[in-house]
Structure formats: C-alpha cells, structure tokens
Amino acid sequence: MIKGFHHAQITIPKGKEDEAREFYCTVLGLEEVPKPESLRGRGGFWVQVGHQQLHVGTEDGVDRLQTKAHLAYEVENIKEIAELLERHGVTILESVPIEGYERFEFRDPFGNRVECIKAI
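Residues in the sequence shown are numbered from 1 upward in steps of one, following full-length UniProt numbering.
Rendered as structure tokens:
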C-alpha cells in the first residue's frame with residue numbers, strides 16, 4: 001500500500017541550477033541535500049522540505065506557464081512568506097478560496113506554479 005510521498009520533482013531549464021539554488025535555498029531557505037553519485041551527471045539538485053524532498057531536475061522545451069500542475073507548501077505564517085516573496089520580486093497570485101484555509105499562488109522564476117497554504 002502507498003504510505004505517502006517520498007519526493008516530488010519540478011523542472012527548470014538546463015544550466016539554470018545556480019539561479020534555482022538562489023531561489024529555493026537562499027530565498028525560500030530550503031536545505032540542499034546530496035544527490036546519489038549515480039544521478040549527479042543529470043543536472044539539477046535536491047532540497048529537503050519537511051520530511052520529504054523536492055527534486056529540481058533540468059528539462060528544456062517545457063512551457064511551465066501553461067500548466068496547472070503545482071506543489072503546495074504548508075506554511076506556518078502565510079503573510080510572512082508572501083512578504084518574503086514580494087521582497088524578492090515575486091508576484092503573489094490570488095487563489096480560489098477553500099474553506100478552512102488561507103492560501104495564495106505564485107510562479108517561481110522558471111514558471112513553475114507554486115501554492116502556499118495554511119489551515120485556519
């Protein structure tokens with residue numbers, strides 16, 4: 001039986017790892033974790049998100065702005081994360097309300113859709 005998620009993967013354009021590390025590790029404060037030696041030649045990097053990992057892979061020829069696919073980060077303080085993102089030039093997008101939650105969306109610097117959500 002399925003126990004839960006081990007990791008999720010998003011993609012960025014090939015060669016943009018430094019820019020992605022700046023956003024995911026420096027701005028969002030996620031800790032990079034080592035990739036297995038067997039996968040290092042593929043590009044990208046991995047970060048720890050709570051008990052799971054986010055694998056940032058590389059892929060060209062993808063229009064990330066055209067998809068509804070997304071990650072949703074559960075956050076402790078929705079206002080604080082929105083302000084942090086805005087200070088770094090990220091546009092906060094309104095989300096359809098869901099009873100019992102505060103939430104918003106944004107696009108990362110590569111067009112990936114991301115949601116931040118907090119139970120109220």
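In this text, a Cβ means the ideal position worked out from N, Cα and C, and glycines have one as well.
> Across which residues does DSSP place A82 in a beta bridge pair?
Replying inline: Residue pairing by DSSP places A82 in no beta bridge whatsoever.
> So E115 is in the beta strand (DSSP E); what residue range does that whole segment cover?
Replying inline: Boundaries of the beta strand (DSSP E) around E115: R113 to A119.
> With distances taken from CA atoms, which of R64, C116, Q53 and I2 is nearest E32?
Replying inline: Taking only the C-alpha atoms, the option nearest E32 is Q53.
> Exposed or buried, T44, counting other C-beta atoms within 10 Å across all chains shown (16 or more means buried)?
Replying inline: It is worth fixing the name first, because residue 44 is Gly in this sequence and not Thr. With 16 or more other Cβ atoms within 10 Å, it is buried.
> Exposed or buried, N77, counting other C-beta atoms within 10 Å across all chains shown (16 or more means buried)?
Replying inline: Looking at its Cβ environment, which holds fewer than 16 other Cβ atoms inside 10 Å, N77 is exposed.
>> Suppose contacts are defined by Cβ-Cβ distances below 9 Å. Is F110 in contact with T26 by that definition?
In response: For F110 and T26, no; Cβs fall outside 9 Å.
> With 16 other CB atoms within 10 Å as the buried threshold, where does R113 fall?
Replying inline: By the neighbour-count definition (other C-beta atoms within 10 Å, threshold 16), R113 is a buried residue.
>> Between I98, E105, T58 and E19, which has its C-alpha nearest L71's C-alpha?
In response: Looking from the CA of L71, the closest CA among I98, E105, T58 and E19 belongs to E105.
> For A119 versus G100, is the C-beta distance shorter than 9 Å?
Replying inline: Taking C-beta atoms as the reference points, A119 and G100 count as a pair closer than 9 Å.
> Expressed to the nearest angstrom, what Euclidean distance is found between the alpha-carbon atoms of R64 and E102?
Replying inline: So the two alpha carbons sit approximately 25 Å from each other.
> Since A72 is in the beta strand (DSSP E), which residue starts that stretch and which ends it?
Replying inline: If you look at A72, you'll find it in the beta strand (DSSP E) that goes H70 to E74.
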